[in-house]
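K.L.:
2 protein chains.
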Amino acid sequence: MFSIGELSRRTKVKVPTIRYYEEMGLLAEAERTSGNQRRYDKAGLERLSFIRHARDLGFSIEAILSLIELQDHPDRSCETATDIAVSQLADVREKIKRLKLLEKELKRISDGCDGHGVSENCYVLASLADHELCEREH
Amino acid sequence: MFSIGELSRRTKVKVPTIRYYEEMGLLAEAERTSGNQRRYDKAGLERLSFIRHARDLGFSIEAILSLIELQDHPDRSCETATDIAVSQLADVREKIKRLKLLEKELKRISDGCDGHGVSENCYVLASLADHELCEREH
DNA sequence: CTTGAACCTCTAGTCACTAGAGATTGTAGA
DNA sequence: TCTACAATCTCTAGTGACTAGAGGTTCAAG
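Residue numbers (our numbering), protein chains in the order written: chain R, 2 to 139; chain W, 2 to 139.
1) Any beta carbon from chain W within less than 8 Å of I97/R's own beta carbon?
2) Could you check the C-alpha separation between I69/W and L27/W for me, to the nearest Å?
3) Would you verify that the beta carbon of L27/W is, or is not, closer than 8 Å to some beta carbon of chain R?
4) Does A31/R have its Cβ less than 8 Å from a Cβ in chain W?
5) Between L46/W and chain R, is there a C-beta pair that is closer than 8 Å?
6) Mind listing the chain R neighbours of G59/W? Cutoff is C-beta to C-beta under 7 Å, in chain order.
7) Once the 5 residues before and after Q89/R are set aside, which same chain residues still bring their CB inside 8 Å of it?
8) Look at L8/W and L46/W and say whether their C-beta atoms are less than 8 Å apart.
9) Tell me where the alpha helix (DSSP H) around Q72/W begins and ends.
10) Can you list the residues of chain R that I110/W reaches, using a CB-CB cut of under 7 Å?
11) Quick check on H74/R: buried or exposed, where buried means 16 or more other Cβ atoms within 10 Å of its Cβ?
12) Take E106/R as the anchor and find which of I110/W, L103/W, R94/W has the nearest alpha-carbon.
13) Rounding to the nearest angstrom, what Cα-Cα distance links G36/W and R53/R in this structure?
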């Protein structure tokens, strides 16, 4: 049995965040000492690792809640879990696509400027002001 | 002179968002009709387009505030604007890098599952639970 | 038995909006 | 000119996923 601080150290999840996860129903309510402090065991550690890992992968709290519900009903099909992962993947790919376009434009913008006065037509400001200067839609 | 709704239609920025930008100091306080409704001119339209474009590129409100301040003091060097753009570009590249790692892992995860029961070792759930299954750190 | 780090709950703040209530205004058609 | 009613106004509260701080209590080492 270990304290919330120990759990925090082991999982790299901050203490208030752990309490927040409990409040959100991601973590079961922890056992308490006679003095009302939370105590965790290996199961708690594992669940928090799961949550942290899923959050790192960009899953929303809500999605994780579904995943957890699934774990607690092992009779159901794995399909839902796969659906959630697949939709997460689509999300990530969309984000990458958008960011790559932005990267291109930002590179173009920041390469165009070389430290002259703003009054003499700063390319950064001009580019932002005038969408016509973009190479493509975004 | 046009209304906030018209401005919204032209810039694709929602009406409450326009009011929010005004409150945040990104947009100057608009002129008003005798009945207290906001009226905008070409200058307002241009500034809002600038803001929208910068937001699309992921600049924070705070960064845009700096950029606007720069526009209003054309005597200063363009360097600050370039710095902001360059740091934005670094941000975007970092995000792309991270997302690509996630994409890889998510692909691996969602490919591994084919609809069998969760109890028989669903790969999605197992992967999330056990970081050891990751190909690399994230 | 004392000290002080760690813990507790609670409220409020973050960012960039978004939604809704309830009241007022602008404008097009009769 | 009157009447609808869409659009506008202000204000408050909610979103997601935390983070920060106040003020009080408990645990564990010395």
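All C-beta atoms, glycine included, are put in the ideal place defined by N, C-alpha and C. This structure is a prediction, so every number in the text was calculated from the model and none was measured.
P.N.:
Looking at the coordinates:
1) Counted from its first residue, the first sequence places residue 97/R at position 96. Chain W contact via Cβ: present.
2) The residue given as residue 69/W occupies position 68 in the second sequence. The residue given as residue 27/W occupies position 26 in the second sequence. Answer to the nearest angstrom: the Cα atoms are 8 Å apart.
3) Against the second sequence, residue 27/W aligns to sequence position 26. Put simply, the CB of L27/W is far from chain R, with every gap to its CB atoms at 8 Å or more.
4) Counting from 1 along the first sequence, the entry for residue 31/R is found at position 30. Chain W, which has no Cβ nearer than 8 Å to the Cβ of A31/R, makes this no.
5) In the second sequence, the residue the question calls residue 46/W occupies position 45. It does not; no Cβ of chain R falls within 8 Å.
6) For the purposes of this step, residue 59/W is identified with residue 58 of the second sequence, where counting begins at 1. Those are L103, listed as they occur along chain R.
7) To locate residue 89/R, count along the first sequence from 1; it is residue 88. Same-chain partners within the cutoff: L58, G59, F60, A64.
8) Position 7 of the second sequence, counting from 1, holds the residue named residue 8/W. Position 45 of the second sequence, counting from 1, holds the residue named residue 46/W. For L8/W and L46/W, yes; Cβs fall inside 8 Å.
9) For the purposes of this step, residue 72/W is taken as the residue at position 71 of the second sequence. Where Q72/W is concerned, the enclosing alpha helix (DSSP H) stretches over 62-72.
10) Position 109 of the second sequence holds residue 110/W. Listed by position along chain R, the residues whose Cβ is nearer than 7 Å to that of I110/W are A86.
11) In the first sequence, the residue the question calls residue 74/R occupies position 73. Exposed, because fewer than 16 other Cβ atoms sit within 10 Å of the Cβ of H74/R.
12) Position 105 of the first sequence, counting from 1, holds the residue named residue 106/R. Taking E106/R as reference, the option from I110/W, L103/W, R94/W with the minimal CA-CA separation is R94/W.
13) On the second sequence, residue 36/W is found 35 positions in, with the first residue counted as 1. On the first sequence, residue 53/R is found 52 positions in, with the first residue counted as 1. Taken atom to atom, the span from the alpha-carbon of G36/W to that of R53/R is near 53 Å.
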